[in-house]
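Colleague: Mapping of the sequence shown onto the UniProt record's numbering: position 4 corresponds to residue 4, and the numbering continues sequentially without gaps. Glycine residues also receive a C-beta, built at the ideal position from the N, C-alpha and C atoms. On a predicted model such as this, the values are computed, not experimentally measured, just so you know.
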Amino acid sequence: MEITTTNRGKPCLMLENYRFKCARVTRTTKEWRCTTDRCKARCTTDLDTTIVIHSSTCHDHSSMTAEDKEKHKIRQFCKRKATDDISARPSKIVCSELRSTESLD
1 MEITTTNRGK PCLMLENYRF KCARVTRTTK EWRCTTDRCK ARCTTDLDTT
51 IVIHSSTCHD HSSMTAEDKE KHKIRQFCKR KATDDISARP SKIVCSELRS
101 TESLD
């Protein structure tokens, strides 16, 4: 289980190679919906998003591959970096992130 952000800066839950967006927050839980259109899968966690209380596995699409997850992380980093440092050239941001991920491999 991992928390990332959406394109609009909202929290996004990665669980079992599926992405969920926060649909509702109650007094004791957070309810998450699958980010794929028309998918009925949902997940419920505690407020700290540390414990999964309930998870429906009725996805009507395939899960994300490791490559898709890595692409998503790189894309999110580049977007965040571009908003933080508006003077940096987009090509330099992308190249530096790709170099840093290649050095990790």
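With DSSP run on the structure shown, which of helix, strand or coil describes A23?
Modeller: Translated into the one-based positions of the sequence shown, residue 23 becomes position 23. Note: A23 maps to strand in three-state DSSP.
Colleague: Leaving out five residues before and five after A82 in sequence, what residues of the same chain have Cβ atoms less than 8 angstroms from its Cβ?
Modeller: Here the question's residue 82 lines up with position 82 in the sequence shown. A88, P90 and I93, listed in sequence order.
Colleague: By the DSSP assignment, the alpha helix (DSSP H) with K71 in it spans what residues?
Modeller: Along the sequence shown, read from residue 1 onward, the residue named residue 71 stands at position 71. Note, K71: alpha helix (DSSP H), A66 to D84.
Colleague: By Cβ distance below 6 angstroms, which residues in the same chain neighbour C58 in space, the five residues on each side in sequence not counted?
Modeller: Position 58 of the sequence shown, counted from the first residue, corresponds to residue 58. K40 and A41.
Colleague: With a CB to CB cut of under 8 angstroms and the five nearest residues on each side skipped, what residues in its chain are close to E97?
Modeller: Locating residue 97 in the sequence shown gives position 97, counting from the first residue. So the qualifying residues of the chain are I74, F77, C78 and K81.
Colleague: In the DSSP output, which residue or residues are listed as bridge partners for T45?
Modeller: Looking up residue 45 in the sequence shown gives position 45. Its beta-bridge partners are K30 and V52.
Colleague: Return the residue from the list D84, R8 and T36 that minimises the CA-CA distance to M64.
Modeller: Taking the first residue of the sequence shown as position 1, residue 64 is located at position 64. Residue T36 is the option with its Cα nearest to M64.
Colleague: Using a Cβ-Cβ cut-off of 6 angstroms (strictly less than) and excluding sequence neighbours within five positions of D60, which residues of its own chain qualify?
Modeller: Taking the sequence shown and counting its residues from 1, one reaches residue 60 at position 60. C39.
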